[in-house]
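In UniProt numbering, the protein residues as written are 1 to 127.
Let me begin by presenting the structure, written as C-alpha cells, before commenting on it.
Now the structure itself:
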C-alpha cells in the first residue's frame, strides 16, 4: 500500500478506538464520563477565551474603538430620559405648525405670478 492509503486508514482506526473508549466509559463509569466531558468543555472555553482576548480582540480597528467610545460618552452625557424626549417632541411639533402658518400668511416680494393659459389643456393624443 502507498502512504496516501495508510493515512486515512490510520485516522479511521483512531476514530474507531476513540468511539469504543467513549462508549465503554459511558456504560461502565457514567459519573466519571460526565465529569470528564464537563472538564473538556470548560478547558475548551478557557482556551477560546484566552485566544480571543490575546489575538482576536486586538484586531478590532481604531474606527470601531472610537465609535464605541463616542457612543458610550454620548449615552453618558445625554442619557435616555423619556420624559424629556416627549416634552421636546411636543414643543417642536407646536413650533413647526405655527411657523408654517406664518410663512403662508407672509407674501414674498421677489416672487410674482405669471399669467398664462391655465385652463387650456394639451391634446395628448396629437403629441
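We put the CB at the ideal spot given by N, CA and C, even for glycine.
Segment limits, alpha helix (DSSP H) that includes residue i
i, result
"residue 34", "30-51"
"residue 75", "62-78"
Within 8 Å, strictly: CB atoms of residue i and residue j
i, j, result
"residue 26", "residue 33", "yes"
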